[in-house]
Amino acid sequence: GTGAGEWIVGVEPFLSTTHRIRVANMGVGSATATTWATSGNFAGQAMIKAYAPDLTFLEIGANDAYQSVTAGAFSPLLTTLISAAQVSGDVVLVTMPPVSGSAMTLNGLATIYSFETTYQPVYAAQGLLVVDLWNRYGTTWQSSFMSGTVHPNDLGYWDMAYAVNALLNKAK
Numbered sequence: 057g058t059g060a061g062e063w064i065v066g067v068e069p070f071l072s073t074t075h076r077i078r079v080a081n082m083g084v085g086s087a088t089a090t091t092w093a094t095s096g097n098f099a100g101q102a103m104i105k106a107y108a109p110d111l112t113f114l115e116i117g118a119n120d121a122y123q124s125v126t127a128g129a130f131s132p133l134l135t136t137l138i139s140a141a142q143v144s145g146d147v148v149l150v151t152m153p154p155v156s157g158s159a160m161t162l163n164g165l166a167t168i169y170s171f172e173t174t175y176q177p178v179y180a181a182q183g184l185l186v187v188d189l190w191n192r193y194g195t196t197w198q199s200s201f202m203s204g205t206v207h208p209n210d211l212g213y214w215d216m217a218y219a220v221n222a223l224l225n226k227a228k
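Using the numbering used here, the letters of the sequence shown correspond one by one to residues 57 to 228.
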């Protein structure tokens, strides 16, 4: 059995003499930086700390853009999440890809969430590596990489993986 508020999500036997890599996606549909920074349940910084990854790729922002979160409100939440992940390891910041629809025009969010105005001061202050999808896609929604207004399609995910791989190889 488990105590209140505890979940056993799996048991993974392994040999300590065997090198391995474990990848886990902790994405939660429609979650925002506020959800992750302040929630005490499954989608929260407590879960990041409990999982204790050696390396965290943090990509967040599109859902915040759709909910009209300002850069002033977003940056401290992002810093909180980075700090939570740094408890156990390193962090690579992944900027959000450009989105389409209301988020691109509502309150100038395309500018607010651009890499230069929101992400750069945060990653520079923390000394983080960054995968800059915003500028990789020319700050414009790329229909060939996206399955809708926010989420990438298969080609988009492959391209994102390529960008991450290039960064990791560069950082060796």
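No residue lacks a Cβ here, since even glycine has one placed at the ideal position from N, Cα and C.
On a predicted model such as this, the values are computed, not experimentally measured, just so you know.
Helix, strand or coil: which one does DSSP assign to Tyr213? As a first step, residue 213 must be located in the sequence shown, where it is residue number 157. In the structure shown, Tyr213 sits in a helix (DSSP, three-state: H, G or I).
From Thr136 to Leu224, what distance separates their C-alpha atoms? Within the sequence shown, residue 136 is the residue found at index 80, counting from 1. Within the sequence shown, residue 224 is the residue found at index 168, counting from 1. Computed Cα separation, rounded: 24 Å.
Starting from the Cα of Gly183, find the closest Cα among Ala106, Thr88, Ile138 and Asn81 and give me that residue. Position 127 of the sequence shown, counted from the first residue, corresponds to residue 183. The residue with the shortest Cα to Cα distance from Gly183 is Ile138.
From Met82 to Ser72, what distance separates their C-alpha atoms? If you number the sequence shown from 1, residue 82 lands on position 26. If you number the sequence shown from 1, residue 72 lands on position 16. About 25 Å.
Mapping DSSP to helix, strand and coil, what is Leu224? Residue mapping note: residue 224 aligns to position 168 of the sequence shown, counting from 1. Reduced to three states, the DSSP call for Leu224 is helix.
Straight-line Cα distance separating Val148 from Leu133: Translated into the one-based positions of the sequence shown, residue 133 becomes position 77. Translated into the one-based positions of the sequence shown, residue 148 becomes position 92. Computed Cα separation, rounded: 16 Å.
Report the residue from Ala129, Ala141 and Glu68 whose alpha carbon sits nearest the alpha carbon of Ala102. Reading the sequence shown from its first residue, position 46 is the one you call residue 102. The residue with the shortest Cα to Cα distance from Ala102 is Ala141.
Beta-carbon spacing of Ala118, Val206 below 7 Å: Numbered from 1 along the sequence shown, position 62 holds the residue referred to as residue 118. Numbered from 1 along the sequence shown, position 150 holds the residue referred to as residue 206. A contact, by the Cβ cut-off of 7 Å.
Reduced DSSP secondary structure (H/G/I, E/B, other) of Asp146: Locating residue 146 in the sequence shown gives position 90, where the first residue counts as 1. Three-state result, Asp146: strand.
Counting C-beta neighbours from all protein chains within 10 Å, is the total for Leu211 16 or more, i.e. buried, or is it exposed? In the sequence shown, counting from the first residue as 1, residue 211 sits at position 155. Under this definition Leu211 is an exposed residue.
Burial state of Val79, where buried means 16 or more other Cβ atoms lie within 10 Å: Start at 1 with the first residue of the sequence shown, and residue 79 comes out as number 23. Val79 comes out exposed.
Just to check my reading of the structure: Trp190 and Thr151 have Cβ atoms closer than 8 Å, yes? What is that Cβ distance to the nearest angstrom? Your numbering for residue 190 matches position 134 in the sequence shown. Your numbering for residue 151 matches position 95 in the sequence shown. Rounded, the Cβ-Cβ distance is 4 Å, consistent with contact.
For Val187, collect the residues of the same chain with a Cβ closer than 6 Å to its Cβ; drop the 5 residues on either side in sequence, then sort them by chain order. Residue mapping note: residue 187 aligns to position 131 of the sequence shown, counting from 1. So the qualifying residues of the chain are Val150, Ala219, Val220 and Leu223.
Which of the three DSSP states is assigned to Ala159 in this structure? Along the sequence shown, one-based indexing puts residue 159 at 103. Since pLDDT at Ala159 reaches only 49, below the 50 mark, its modelled position is unreliable, and no value is offered.
Whose C-beta lies closer than 8 Å to the C-beta of Gly100 among residues of the same chain, with five residues either side of it excluded? Here residue 100 refers to the residue found at position 44 when the sequence shown is read from its first residue. Counting only Cβ-Cβ distances below 8 Å, and skipping sequence neighbours, we find Thr91, Trp92, Ala93 and Thr94.
Does the Cβ-Cβ distance between Gly145 and Leu111 come in under 7 Å? The sequence position of residue 145 within the sequence shown is 89, counting from 1. The sequence position of residue 111 within the sequence shown is 55, counting from 1. It is a contact, given that the beta carbons lie within the stated cut-off.
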